[in-house]
Amino acid sequence: MFSITVPASTANLGPGFDSIGLAIDRYLHLDVEQASNWLFECQSPGLEKIGSSNLITEAAMFAANQLGVDLPPCKVTMDNGIPLSKGFGSSAAATVAGIELTCNFSTNPVSKKKKARLATMFEGHPDNVAASIYGGLVIGAHRADATDILHVEAPEVELVAFIPGRTLATKKARGVLPEKIAFTEAVRASAIANVMAGALVTNNWELAGKMMMEDLFHQPYRQELIPHMTKICEFAKADVDVYGAALSGAGPIILCYTEKQKGGSFARRLQEAFPGNEVVVLKPALNGAAVSVIQA
507 MFSITVPAST ANLGPGFDSI GLAIDRYLHL DVEQASNWLF ECQSPGLEKI GSSNLITEAA
567 MFAANQLGVD LPPCKVTMDN GIPLSKGFGS SAAATVAGIE LTCNFSTNPV SKKKKARLAT
627 MFEGHPDNVA ASIYGGLVIG AHRADATDIL HVEAPEVELV AFIPGRTLAT KKARGVLPEK
687 IAFTEAVRAS AIANVMAGAL VTNNWELAGK MMMEDLFHQP YRQELIPHMT KICEFAKADV
747 DVYGAALSGA GPIILCYTEK QKGGSFARRL QEAFPGNEVV VLKPALNGAA VSVIQA
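Residues in the sequence shown are numbered consecutively from 507, following my numbering.
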């Protein structure tokens, strides 16, 4: 028997569309043992009826095919602390869990770089999956022939999450994006993303926060789907403890990035200003996916 623990993640951070991700301290946990047939058990909300054909097994079998691993069926007991379809990378965490499951049966060690390549090939973009694999902050670029990941230590910030009661399917959130943007607009959008990436790497969160709120790639198009998004971003921008705010992935969660030790007080102010919604304080996850042996 062995266990797999995978952190949640937030992606984009504004203009880092499909490229920048940050691991956060909410987790998917699996206890795994070899069995005669695939079986999943989970009492976490939304997953009580999970069957043997799911994202974890799909990712596991994809990795097995790519790595040439003889993957046996397993009994998997799950405990999920990541909200579903709200922008915390729940599907990416499941993908990473499936790949880690397969790698545990590999006779050869599989590097994080290889795991990130497999997960990105399966998922389509590296932001969430790479953050869940490496932990901390990641900046990635994916092409048909290569996936390159820059791993940065977890930043010393706190994250205040505004969590609406509704969910938002990623497919719907991607459906409002334009197929093309003009060249001059693309140059402006890329410049903003480049400056934010540089600010993140140099730990200049005041500049990073400013850039994340000037995104031109996706947030202007998605704000029509997100209740309170414009007002919350304005509220955050006016608060001295907040660096910036952005959609978490495709939303609908909105994350406000604050100075360390300032998240709790800002969360109370945000809750008072926008009652009736859940507001929680999160921290970056220092470590990525981990596998450990369960002693009998």
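Glycine is no exception: its CB is placed at the ideal position from the N, C-alpha and C atoms. Computed from a predicted structure; not experimentally measured.
Next item on the list: Taking GLY595 and GLY755 to be in contact with their CB atoms under 8 Å, please state how far apart those CB atoms are, rounded to whole angstroms.
Entry: 6 Å
Note to self: Here's the rule: buried if 16 or more other CB atoms are within 10 angstroms of the residue's CB, otherwise exposed. What is PHE689?
What the structure shows: In the assembly as shown, PHE689 is an exposed residue. Its beta-carbon has fewer than 16 other beta-carbons within 10 Å.
Notebook entry, point to check: Taking the Cβ atom as the reference point for each residue, do ALA501 and THR511 lie within a distance shorter than 8 Å?
Noted result: As displayed, the chain neither begins before 507 nor continues past 802, which places residue 501 out of reach and without an answer.
Margin query: Suppose the cutoff is 7 Å on Cβ atoms and the five residues either side in sequence are ignored; what does the same chain contact list for VAL718 look like?
Written below: Reading the sequence as shown, one finds Met at residue 718 and not Val. Same-chain partners within the cutoff: LEU519, GLY520, PRO521, MET702, GLY750 and ALA752.
Margin query: According to DSSP, is LYS581 part of a helix, a strand, or is it coil?
Written below: strand
Notebook entry, point to check: Given a threshold of 16 other Cβ atoms within 10 Å of its Cβ, counted over all protein chains shown, does GLU730 qualify as buried or as exposed?
Noted result: exposed
Notebook entry, point to check: Fully enclosed by the stretch 722-797, which alpha helix (DSSP H) runs are 4 residues long or longer?
Noted result: 725-728, 735-743 and 769-779
Note to self: Could you tell me the alpha carbon to alpha carbon distance between VAL682 and ALA695, rounded to whole angstroms?
What the structure shows: 17 Å
Check: Which residue's Cα is closest to the Cα of LYS743: VAL785, CYS762 and VAL538?
Finding: CYS762
Margin query: For ALA490, count the other beta carbons within 10 Å of its own beta carbon; 16 or more makes it buried, fewer makes it exposed. Which is it?
Written below: The requested residue 490 is not part of the displayed model; the chain covers only 507 to 802.
Next item on the list: Give the secondary structure of ARG694 by DSSP, where H, G and I count as helix, E and B as strand, and everything else as coil.
Entry: helix
Item checked: Endpoints, the beta strand (DSSP E) within which ALA636 is located -> Taken as a continuous stretch (DSSP letters only), ALA636 belongs to no beta strand (DSSP E), being part of the alpha helix (DSSP H) at 633-640.
Check: Who are the Cβ neighbours of PHE714 in its own chain at under 6 Å, not counting the five residues just before and after it?
Finding: According to the sequence shown, residue 714 is Ala rather than Phe. Once the five neighbours on either side are set aside, the close Cβ partners of ALA714 are MET702, ALA705 and LEU706.
Check: According to DSSP, which residues form a beta bridge with ASP537?
Finding: SER509 and THR583
Margin query: Taking 6 Å as the limit between beta carbons, can you name the residues of its chain near GLU547, skipping five residues before and five after?
Written below: THR583
Margin query: Short of 6 Å in beta carbon distance, which residues of its chain neighbour HIS535, apart from the five on each side in sequence? Order them along the chain.
Written below: THR511 and ASP585
Item checked: Spatially closest choice to CYS580 from PRO615, SER542, VAL786 and LYS621, by CA coordinates -> SER542
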